[in-house]
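Q:
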Amino acid sequence: MATGGHVAQGGPAAFPCPYCDFIGRRMDVHAHLVEAHGDELEWRVNEKLGYTYCVVTCPICGASHDQVLPRARGDPQFIEEYREQIYMVVFDLLLYHLQGEHGIGPPLT
Ligand SMILES: [Zn+2]
Ligand SMILES: [Zn+2]
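Counting the sequence shown from 1 gives a position; this note's numbering is that position plus 3.
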């Protein structure tokens with residue numbers, strides 16, 4: 004049992020943001036990443052295939068995960084339109100990585 008004092012924000016399932024000191028539930032951190040840390044993502048284009056990639060790099064171990072966006076084809080309008088959805092997908096990959104590889108946040112079930 005808790006011995007009084009402060010319960011960490013978000014309780015035992017608290018998930019710290021890997022980029023700043025924000026802490027919250029997984030869904031809160033997910034939303035926070037989308038809102039605040041979109042500039043941590045990198046966009047790359049595979050000219051040969053005409054694919055755009057959105058790449059997220061783990062700030063802890065440097066592993067990178069990418070999400071291929073075959074429909075984007077370097078089209079800035081597409082990226083602008085779907086930016087938030089893309090951020091959500093890519094940051095979800097990062098959160099899974101943090102949980103699975105670094106034991107951060109609630110354990111994966
Ligand atoms: Zn943050
Ligand atoms: Zn990592």
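Beta carbons are placed, not taken as given, at the ideal position from N, Cα and C, and that holds for glycine. Small disclaimer: the values here were computed from a predicted structure and weren't measured.
Per DSSP, phenylalanine 18 forms a beta bridge with which residues?
A: Gly27
Q: May I ask which residues mark the beginning and end of the alpha helix (DSSP H) holding histidine 100?
A: 79–105
Q: From valine 48 to threonine 112, what does the alpha carbon distance come to, in whole angstroms?
A: 34 Å
Q: Measure the alpha-carbon distance for histidine 105 versus threonine 55 and round it to whole angstroms.
A: 28 Å
Q: Does the separation of the CB atoms of leucine 101 and isoleucine 89 fall below 8 Å?
A: It is not a contact, given that the beta carbons lie outside the stated cut-off.
Q: Please confirm whether any heavy atom of ligand 2 lies closer than 7 Å to the CB of glutamate 104.
A: yes
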